[in-house]
């Protein structure tokens with residue numbers, strides 16, 4: 001299997017340059033091109049953070065649409081997923097949310113392979129996926145109000161689905177508020193606002209005016225305010241002073257259908273062609289400041305950086321591929 005063949009890429013001197021981290025917070029927004037956010041009047045908070053701290057100016061998604069990018073972030077590969085069908089779907093599956101299952105080349109959306117969750121558990125490190133509007137801790141709902149499981153990634157992995165402690169790992173924003181207040185945050189926090197607050201948008205009757213697909217400026221401004229609130233809450237929590245800490249603000253893909261990509265992408269692979277040029281901002285509690293890093297990166301690069309920062313060097317699938325390098329200038 002591909003993931004097994006690429007699992008044990010060698011650690012390089014560049015990887016060794018990533019310092020050990022106590023806390024990393026990854027906040028994921030949705031469907032916006034780099035130029036639509038960085039420098040935009042609609043996104044003053046993200047623009048200011050990019051200029052003040054660090055910006056990866058050539059960061060790319062893996063593919064379109066959303067779900068395979070979230071899988072790539074925590075699994076190191078898209079595993080052939082090319083749609084937003086539910087994590088339980090299989091070929092020729094008639095269950096709800098499996099609308100593409102009769103398409104040629106369709107794959108199981110539950111992945112029986114290691115993930116970042118597996119690695120962190122094995123290393124004795126903690127993790128949580130904070131999902132705004134999740135119905136309850138440990139919920140495997142596919143859609144609930146403004147929550148969508150396609151914006152998790154963790155839930156696609158069989159080991160996570162079967163985790164007896166899932167309710168401690170997959171939690172809503174009330175847990176994030178409590179953890180920030182107590183200062184007792186996990187090693188890795190993956191934070192995903194709901195579709196109104198992550199710039200995805202909605203179109204159902206009753207959708208707020210600044211959450212609608214057809215009001216992109218208002219939608220971006222709403223998501224930007226969410227980023228300002230989240231970063232302020234993290235940076236004023238006790239966890240921010242506990243050793244090295246970083247906040248990463250990234251996006252799943254751009255808002256077009258282009259196939260710009262890099263670093264382990266393959267234009268001949270329909271599930272890994274490239275998902276466009278997206279904003280990614282890195283804030284650390286120790287430096288650097290005012291850095292614009294033009295190195296080509298993608299979510300595989302970010303995954304490799306997180307692995308390095310936690311002392312894990314058995315890189316997951318394409319996180320260990322040739323051309324994928326850690327984000328040293330932004331995390332050093």
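Numbering (the working numbering), first residue to last: 1 to 332.
All C-beta atoms in this analysis are idealised placements derived from N, C-alpha and C, irrespective of residue type, glycine included.
Separation of residue j from residue i, as counted between CA atoms
| i | j | result |
| --- | --- | --- |
| residue 72 | residue 78 | 5 Å |
| residue 313 | residue 210 | 42 Å |
| residue 14 | residue 219 | 38 Å |
| residue 281 | residue 330 | 9 Å |
| residue 299 | residue 174 | 27 Å |
| residue 153 | residue 117 | 11 Å |
| residue 185 | residue 102 | 42 Å |
| residue 134 | residue 275 | 26 Å |
| residue 97 | residue 84 | 8 Å |
| residue 181 | residue 243 | 18 Å |
| residue 33 | residue 215 | 16 Å |
| residue 286 | residue 240 | 10 Å |
| residue 315 | residue 304 | 6 Å |
| residue 114 | residue 221 | 37 Å |
Residues sharing a beta bridge with residue i, DSSP
| i | result |
| --- | --- |
| residue 277 | 60 |
| residue 171 | 130 |
| residue 271 | Paired residue(s): none; residue 271 is not in a bridge. |
| residue 251 | 29 |
| residue 284 | 246 |
| residue 315 | None; residue 315 has no bridge partner. |
| residue 355 | No answer is possible for residue 355: the residues shown for the chain start at 1 and end at 332. |
| residue 300 | DSSP, once it has assigned bridges, lists no residue as partnering residue 300. |
| residue 331 | Note: residue 331 sits in no beta bridge, so no partner. |
Proximity of residue i and residue j at Cβ, strictly below 9 Å
| i | j | result |
| --- | --- | --- |
| residue 288 | residue 60 | no |
| residue 46 | residue 279 | yes |
| residue 159 | residue 320 | no |
| residue 22 | residue 187 | yes |
| residue 148 | residue 167 | no |
| residue 328 | residue 17 | yes |
| residue 62 | residue 272 | yes |
| residue 248 | residue 176 | no |
| residue 171 | residue 130 | yes |
| residue 270 | residue 124 | no |
| residue 107 | residue 80 | yes |
Per-residue burial, residue i [other beta carbons within 10 Å of its own, 16 or more giving buried]
| i | result |
| --- | --- |
| residue 109 | buried |
| residue 213 | exposed |
| residue 38 | buried |
| residue 4 | Low confidence applies to residue 4: its pLDDT is 44, below 50, so where it sits in the model is not reliable, and the reading given next is rough at best. It is exposed - the Cβ of residue 4 has fewer than 16 other Cβ atoms within 10 Å. |
| residue 193 | buried |
| residue 189 | buried |
| residue 48 | exposed |
| residue 236 | exposed |
| residue 165 | exposed |
| residue 229 | exposed |
| residue 267 | exposed |
| residue 195 | buried |
| residue 99 | exposed |
| residue 112 | exposed |
Closer than 8 Å: residue i CB and nearest the ligand MN heavy atom
| i | result |
| --- | --- |
| residue 315 | Ligands displayed in this structure: none; no statement on the ligand MN is therefore possible. |
Beta carbon proximity, residue i to chain D, threshold 9 Å
| i | result |
| --- | --- |
| residue 77 | In the structure shown, chain D does not exist; there is a single protein chain. |
Item to check | Continuous alpha helix (DSSP H) assignments of at least 4 residues falling wholly in the region 23-65 | outcome: As far as the region 23-65 is concerned, its whole alpha helix (DSSP H) runs of at least 4 residues are 34-37, 44-52.
Item to check | Minimum length 3: unbroken beta strand (DSSP E) runs contained in the region 72-147 | outcome: Along the length of the region 72-147, whole beta strand (DSSP E) runs at least 3 residues long occupy 127-131, reported in chain order.
Next on the checklist: Please give the ranges of any alpha helix (DSSP H) in the region 192-240, keeping only runs that are unbroken, at least 4 residues long and fully inside the region.
Outcome noted: Correct list: 216-235.
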